[in-house]
Every structure is written in structure tokens, then in C-alpha cells.
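In this note's numbering, the protein residues as written are 5 to 389.
So, in C-alpha cells, the structure goes:
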């Protein structure tokens, strides 16, 4: 959605979009997002996912804890080496691996349709009804970081479209919309069928802590050890190229933001931090970052919505400030609640009087109220010349 947002003046990157709320917020939120898609979550996850899919299934259980730090050391050493000396080979390998990974997943999906793993098990309490499942799906979707990444990488997509020969802003927007819809459709198909594989697999492989062993063990059952090894190799290389891209992106941003330390120094710093966080393991990383994502994501969605509505309210700063400001309050409370921080009567009050709060979406009515207040203020205040 964010990648395909209508172009507007001063909207070249995440920092400029967030800056419309307030300059201090622009710096704060951009740093938080880069740290989330960088060394604090996404980069460590590339290493731990690689380990869970490409290494752990082929090790004896007693060696797994010993192997993790060794594997991560090698994984991030390679990531640092290639990040510190960018080469076109990384881009070329990435362009080759992404279609290959999609192809491998499609083969797995087709095989699961032809020879299902088993009958779907009864849904757990969090997915007991279609409405509850939809809400939980939205909250679980926070873990993908897709929306945050779209804010960060939208500029790269637009640049790629322009380099393909589309210069007119209308043509660029149309092509970006097309690519976004196509990518969204592919993602929807893949996610739906992978979810189906997960539901079918419980009776065969049991409940798993994360999605990584579900995918690996399902691949072993459906395609044998050879198929699982091929999938593991593809995932490993795809995660490595992703880690390189994220380390590079974050290092470039912080080098430009601070004007201090060299690009290579930032690469080294982010690589070391990613390695240390990765030592906690995939499950711990996912669980511990949920409170942070419960704070970051509502702000991200609010900003994306405002970018789409930018022309409707004339891009006035007061609308951005009120909408994101009220969203910020509820997002912070969501994060604290998820982290099990006692809030006393505040939590009880919100559960009683704020619509959607009990399902984790109480920030939506706050965002709507903020937008209305900002729009009224905009209507009563003449725009600056």
C-alpha cells in the first residue's frame, strides 16, 4: 500500500513522511523503524531462521545449542564481508534466489494439495471464529514487518520503476500500483496455502514453537530429505542476501544521519549487535519483539493512511499531528499491555469504554478521532502561503 501511495511533495522517504508530524517525531520514528528492520529484529531473524530451517533439522538435538553460535558467527561474518564491500554479485544472486524460493514454495504447496499431510485440526482459542481469526491474523501480521519495510524501501521501488523508463509521475504511480497488486496477490496465495499446510501438519508433526520447523518438517514429509535440503539451501541463501541488504541499508542511513563513523564501522556495529541478539534464538526474538511491534505498527498504518489521504486534507501538518499523536498514545499502551506492564485502572477503563481495545485495535478509533480533530482545525485555520 505504502509503495503505491499517490506521490506528494516532500514524500521521498520514511523520514520525510514522519517529519510531517513533527521534526523530532520524524527522527525518532525513523530510527525506531530502521532498528526494527535492522539489528534489533529483522537481521537477527534472518540468521536464526536460516539455522532453524537449514541446520537444526539435520543435527542431533544435543548439538543444536552448541551449533547456533558457531553458525551465526559464520553467517554474519559473510554478511559483514559482503556488506562492507558491496558488489553486484549480491544483487544478481538475490534476483536469482527470490524466484527460486517462490518456485520451491509453489512446488511444496502443489504437493500438499495433491497429497495432504492430514486433516486440519480444530482451531485454537485465538482463531476460534472467523472474526477472531481475522483480528489475530492482523496482529500476527505485525511480525512480518512488511508495512514498516514498505515505508523504508518505497523509494527504491519508485527509483527502479523510473530506471525502467517511466518518468511521468502518473505512469510511475500506475506501474508501482501494478507491481504492488501483483506482489500482494502472490504473497496472499503463498501465505494462505502455507497456513493450510500448517493446519494440516499438526496431526503428523505436532505443535511447533515457530513456523520454521513447521515448514522444514512438512517439506521432509511431502518431498523427502532431498527436497527439504534443497528448500533449506534456498532459504539460507535468500536470508543471507536479505541480511546483507538490511545491514547495508541501515548503515547508509545512520552514516548519513549522524555524519559520524565510516560506513564500514556502522556495518560492523550492526553485524555484531545482530549476532548477539541472534544468540537468543528465533522463538525468543519473536516473543520479545511483539510489544515493540504493537507500538510501531499502528503508527506505521496511520502514516500510510495519511499518505493516501494527503490530497484530501491538503497535507496539513495539524492533521498528521493529531492523527499520529492520538495513535501514539494507544500504541504505547498496547505495547505496555503486551509486555505485561501493570497499568492499573487505565487498562480497565480502556477495555470498558474504548471500542476494539480488547482485541488489540483500540488505536483505530483514536486515530479516527485524531483525524477528525485535525481536519476541523485545518478547516478553521487558513493555510500558510
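No residue lacks a Cβ here, since even glycine has one placed at the ideal position from N, Cα and C.
Cβ-Cβ separation, residue j to residue i (assumed contact under 8 Å), whole Å
i	j	result
residue 286	residue 24	About 36 Å separates the two Cβ atoms, so there is no contact after all.
residue 243	residue 274	Not quite, the Cβ-Cβ distance comes to about 16 Å (not below 8 Å), so this is no contact.
residue 278	residue 51	7 Å
residue 317	residue 382	6 Å
residue 291	residue 379	The Cβ separation is near 39 Å, so there is no contact.
residue 176	residue 162	6 Å
residue 36	residue 365	The Cβ separation is near 21 Å, so there is no contact.
Check whether residue i and residue j have beta carbons under 8 Å apart
i	j	result
residue 315	residue 227	no
residue 152	residue 300	yes
residue 343	residue 295	yes
residue 149	residue 22	no
residue 155	residue 310	no
residue 75	residue 59	yes
residue 297	residue 146	yes
residue 43	residue 377	no
residue 170	residue 179	yes
residue 54	residue 283	no
residue 208	residue 110	no
residue 360	residue 346	no
residue 217	residue 56	yes
residue 247	residue 47	yes
residue 257	residue 33	no
residue 232	residue 224	yes
Nearest to residue i (by Cα), restricted to the options the options
i	options	result
residue 250	33, 84, 55	84
residue 402	122, 137, 123	Summary: the structure shown does not reach residue 402, with the chain confined to residues 5 through 389, and so no result is reported for it.
residue 325	59, 362, 373	373
residue 222	205, 169, 125	205
residue 375	313, 363, 99, 335	313
residue 235	56, 380, 179, 105	105
residue 125	276, 201, 135	201
residue 267	123, 99, 87	87
residue 363	341, 175, 384	341
residue 337	270, 276, 302	302
residue 103	159, 328, 187	187
residue 330	192, 133, 358	358
residue 193	354, 160, 113, 182	113
residue 306	367, 215, 196, 62	367
Neighbour flag for residue i against chain B, beta carbons, 8 Å
i	result
residue 355	Absent here is chain B; the protein component of the structure consists of one chain.
- Query: Could you give the uninterrupted runs of the alpha helix (DSSP H) lying entirely in the segment 327-355, keeping only those of 4 residues or more?
  - Reply: The segment 327-355 contains no whole alpha helix (DSSP H) run of 4 or more residues.
- Where are the alpha helix (DSSP H) runs, 4 residues long or more, that stay fully inside the segment 137-205, in chain order? Fully enclosed alpha helix (DSSP H) runs of 4 or longer: 150-167.
- What are the start and end residues of each continuous alpha helix (DSSP H) run of 4 or more residues lying completely inside the segment 207-267, in chain order? Runs found: 215-262.
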